[in-house]
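Below: one structure, written as structure tokens.
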Amino acid sequence: MKPFQIVFVYARKYTTALIVTVISMLLLVGVQLLIPWIIKILIADIIEQAAAQASLNLITQLTLVVLIVYVARAGLQFLRSYMAHVAGWGVVADVRKHIYEHLQRLSLRFYEDTQTGQLMSRVVNDSDLFEQLIAHAVPDVVVNVLTLVGVSAVLFSLNWQLTLLSLVPIPLVVVSLQVYARYVRPAFRERQKELGDLNATLNDNLSGIREIKAFTREDDELRRIGVKIDRYRRSLLRALRLMATFQPFVEFTSSLGSIVVIYFGGQLAFKQTLSVADLVAFFLYLEMFYQPVRNLSGAWENIQSALAGADRVADLLEEEPEIPDAADALTLTGRVEGTISFRDVSFHYNEGDMVLEGITLDIPAQHVVALVGPTGVGKSTLVSLIPRFYDVCSGAITLDGHDIRSLTLESLRRQISIVLQDVFLFHGTVRESILFGQPGASEEEIVAAAKIANAHAFISDLPDSYDTLIGERGVKLSGGQKQRLSIARAVLKDAPILILDEATSSVDTETEFLIQQALERLMRGRTTIIIAHRLSTIRNANTIVVLEGKRIREMGTHDQLLLQDGLYRRLYTVQQRLEPLQEMPLVLDTMEYAGGITTD
Numbered sequence: 013m014k015p016f017q018i019v020f021v022y023a024r025k026y027t028t029a030l031i032v033t034v035i036s037m038l039l040l041v042g043v044q045l046l047i048p049w050i051i052k053i054l055i056a057d058i059i060e061q062a063a064a065q066a067s068l069n070l071i072t073q074l075t076l077v078v079l080i081v082y083v084a085r086a087g088l089q090f091l092r093s094y095m096a097h098v099a100g101w102g103v104v105a106d107v108r109k110h111i112y113e114h115l116q117r118l119s120l121r122f123y124e125d126t127q128t129g130q131l132m133s134r135v136v137n138d139s140d141l142f143e144q145l146i147a148h149a150v151p152d153v154v155v156n157v158l159t160l161v162g163v164s165a166v167l168f169s170l171n172w173q174l175t176l177l178s179l180v181p182i183p184l185v186v187v188s189l190q191v192y193a194r195y196v197r198p199a200f201r202e203r204q205k206e207l208g209d210l211n212a213t214l215n216d217n218l219s220g221i222r223e224i225k226a227f228t229r230e231d232d233e234l235r236r237i238g239v240k241i242d243r244y245r246r247s248l249l250r251a252l253r254l255m256a257t258f259q260p261f262v263e264f265t266s267s268l269g270s271i272v273v274i275y276f277g278g279q280l281a282f283k284q285t286l287s288v289a290d291l292v293a294f295f296l297y298l299e300m301f302y303q304p305v306r307n308l309s310g311a312w313e314n315i316q317s318a319l320a321g322a323d324r325v326a327d328l329l330e331e332e333p334e335i336p337d338a339a340d341a342l343t344l345t346g347r348v349e350g351t352i353s354f355r356d357v358s359f360h361y362n363e364g365d366m367v368l369e370g371i372t373l374d375i376p377a378q379h380v381v382a383l384v385g386p387t388g389v390g391k392s393t394l395v396s397l398i399p400r401f402y403d404v405c406s407g408a409i410t411l412d413g414h415d416i417r418s419l420t421l422e423s424l425r426r427q428i429s430i431v432l433q434d435v436f437l438f439h440g441t442v443r444e445s446i447l448f449g450q451p452g453a454s455e456e457e458i459v460a461a462a463k464i465a466n467a468h469a470f471i472s473d474l475p476d477s478y479d480t481l482i483g484e485r486g487v488k489l490s491g492g493q494k495q496r497l498s499i500a501r502a503v504l505k506d507a508p509i510l511i512l513d514e515a516t517s518s519v520d521t522e523t524e525f526l527i528q529q530a531l532e533r534l535m536r537g538r539t540t541i542i543i544a545h546r547l548s549t550i551r552n553a554n555t556i557v558v559l560e561g562k563r564i565r566e567m568g569t570h571d572q573l574l575l576q577d578g579l580y581r582r583l584y585t586v587q588q589r590l591e592p593l594q595e596m597p598l599v600l601d602t603m604e605y606a607g608g609i610t611t612d
């Protein structure tokens, strides 16, 4: 979609406001054209009837007319300005909503390659320029073009020869507009890009302010932000330099018309082929003629700036969801049983090396399956394929016999709850964090979910209990408290499929016990897939799947795998030896297993 199309597709919704704006602008042009004509009548009457009482009466009448005209002009200016802003900011709001809706449909691959600050810049800064286009640039262009047409008609009625002479500079202005547009739009686009880079870096630094302070990197990061600010300043000055060159040129070329009129109009008045009143009126209208020309240069700058922002928005909207719903996608209704099957599944990221190869695995409904193995074997990737955060490159995954690619994403993901090690909590209250799992839940359901998650006790001790603000990303809570809140919201969602990705990692032993209790309650009656590094926590899993080298190497119960002289037995033995020496979890999969771990 072209930039202008994006803007005006959304402007249709505000047709009434735009019509009022246009009518106001038409009346405003008519009112402005009256003033010089009234002055022309006044001068002509004074010259013809000097000191006559009739002339004095006419002056009074004309003064009252001018007063009425000025009052009308003020009212029309308000109406035009306000209604244009109603339409402009309405378009901006609708565009922002559409961009955000589009962003939510894009796949995780897109977000892995794009900085959050860049996206925020496009949603906020680039779309903000649309208001400039709707409320300022386009109305200014319309008003000034109408004024040009009206003034031209009046000038031709006064003296067509002089009017033609005064139009000599106009071709120069038109050519300069074309040249200006060719260079300034890329400059504005570069300015918006640098602003996006600055926003992205600021977003990263503010999110990681603890790390910056912990590693005493304040000076380094200040220099890095300073570089981004300077780059934005230079890109902005490049665009402003073009603007600063263009405006004086338009001013100079438009002044040539006045020089022509002074020379030839003065001769016509001296020869008395043009009356003094007409000459004065001509000068007044000529100023009204060239003022729109100058204004058009400013409006043209605003248009180019807005179109640069629209270009970036258009680029974003052209990003297609990598995982769209099929045209005939099935919507799951009710609660699924939860039988999951992987059939010869292979997957890679962005045409890279395979992460998973030939994975075949059956997970019966309401069974607990644990995934273990060294780092990089694809455990997290495997579970990410179930809610279709990514799509398989080959093979298929089925849910209750349905290929998940044949299901709508929304209905599929409603059947799945996920509890991660790195919990993300939105800024708000404890209650709002739990309600994220099921927005319509009652207070009793919230408390019940918190109790199941072993969270009710610590929540009750908070200053405002369930109404306590937890801060951005839950910064006011400990890791274990955040983990239990994430379990509570999963309880509230009550999905038949549960994915636990290292949910008890990186917490102390007592907190782990509370979390483990909560998880055991949560897992009852659900198909559960666990990624675990502490192997002692998955002894009771129905099936333990050992991944190594992108494939499934071993599979069975805890006791069955211990009887085999395989990877699981060696990992478990090492953990058993090291756990008495450490009170913190041992994360074995930070080591790349290459057959070197032994029980000796």
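If you read the sequence shown in my numbering, its first letter stands for residue 13, the second for the next number, and so on. Glycine is no exception: its CB is placed at the ideal position from the N, C-alpha and C atoms. No experiment lies behind these values; they were computed from the predicted model shown.
Simplified DSSP state of residue i, which is helix, strand or coil
{"i": "E330", "result": "coil"}
{"i": "R194", "result": "helix"}
{"i": "A63", "result": "The predicted position of A63 is uncertain, since its pLDDT is 47 and thus under 50; a value taken from the coordinates is nonetheless stated next. Three-state result, A63: coil."}
{"i": "G162", "result": "helix"}
{"i": "L497", "result": "helix"}
{"i": "A293", "result": "helix"}
{"i": "L474", "result": "coil"}
{"i": "L481", "result": "strand"}
{"i": "A318", "result": "helix"}
{"i": "D216", "result": "helix"}
{"i": "Q594", "result": "Because Q594 carries a pLDDT of 48, less than 50, the predicted location of this residue cannot be relied on, and no value is offered for it."}
{"i": "L419", "result": "strand"}
{"i": "T257", "result": "helix"}
{"i": "L627", "result": "As displayed, the chain neither begins before 13 nor continues past 612, which places residue 627 out of reach and without an answer."}
{"i": "D506", "result": "coil"}
{"i": "A530", "result": "helix"}
{"i": "R24", "result": "helix"}
{"i": "D209", "result": "helix"}
{"i": "L394", "result": "helix"}
{"i": "I6", "result": "Residue 6 is absent from the model: the chain starts at 13 and stops at 612."}
DSSP beta-bridge partners of residue i
{"i": "I556", "result": "A382, G568"}
{"i": "R563", "result": "E560"}
{"i": "V357", "result": "I371"}
{"i": "D513", "result": "L432, I543"}
{"i": "S406", "result": "S358"}
{"i": "D232", "result": "BP columns for D232 are empty, so no partner."}
{"i": "I352", "result": "I375, L411"}
{"i": "L342", "result": "L419"}
{"i": "T441", "result": "L481"}
{"i": "M366", "result": "H360"}
Residue i to residue j span [Cα, whole Å]
{"i": "I511", "j": "T569", "result": "19 Å"}
{"i": "S119", "j": "E113", "result": "13 Å"}
{"i": "A63", "j": "N69", "result": "The predicted model places A63 with a pLDDT of 47, which falls under 50 and marks its position as unreliable; any figure quoted below should be read in that light. Approximately 11 Å, taken between the alpha carbons."}
{"i": "F448", "j": "V43", "result": "57 Å"}
{"i": "A105", "j": "L115", "result": "15 Å"}
{"i": "E514", "j": "S472", "result": "27 Å"}
{"i": "V435", "j": "L329", "result": "30 Å"}
{"i": "P219", "j": "A212", "result": "The question names Pro, but residue 219 in the sequence shown is Ser. In a straight line, the C-alpha of S219 is about 11 Å away from that of A212."}
{"i": "L91", "j": "Y297", "result": "25 Å"}
{"i": "G561", "j": "L411", "result": "26 Å"}
{"i": "K205", "j": "S445", "result": "35 Å"}
{"i": "E230", "j": "A86", "result": "53 Å"}
{"i": "I35", "j": "A29", "result": "10 Å"}
{"i": "N6", "j": "R250", "result": "With the chain represented from 13 up to 612, any question about residue 6 goes unanswered, as that position is not in the structure."}
Which listed residue (the options) has its alpha carbon closest to that of residue i
{"i": "D140", "options": "N215, A322, D473, F227", "result": "A322"}
{"i": "H360", "options": "L373, V404, K463, S392", "result": "V404"}
{"i": "R197", "options": "L160, F227, L252", "result": "L252"}
{"i": "S178", "options": "F168, V186, R417", "result": "F168"}
{"i": "L160", "options": "I182, H97, I111, F301", "result": "F301"}
{"i": "D415", "options": "F436, H379, A341", "result": "A341"}
{"i": "R400", "options": "A382, D374, I430", "result": "I430"}
{"i": "S432", "options": "S270, Y123, V395", "result": "Going by the sequence as given, residue 432 is Leu instead of Ser. If we check each option's Cα against that of L432, V395 comes out closest."}
{"i": "V81", "options": "V103, I47, W101", "result": "I47"}
8 Å contact criterion, which residue i and residue j should meet: CB distance rounded
{"i": "V107", "j": "V325", "result": "7 Å"}
{"i": "L424", "j": "L344", "result": "7 Å"}
{"i": "R538", "j": "G350", "result": "7 Å"}
{"i": "N314", "j": "L145", "result": "7 Å"}
{"i": "P508", "j": "Q427", "result": "6 Å"}
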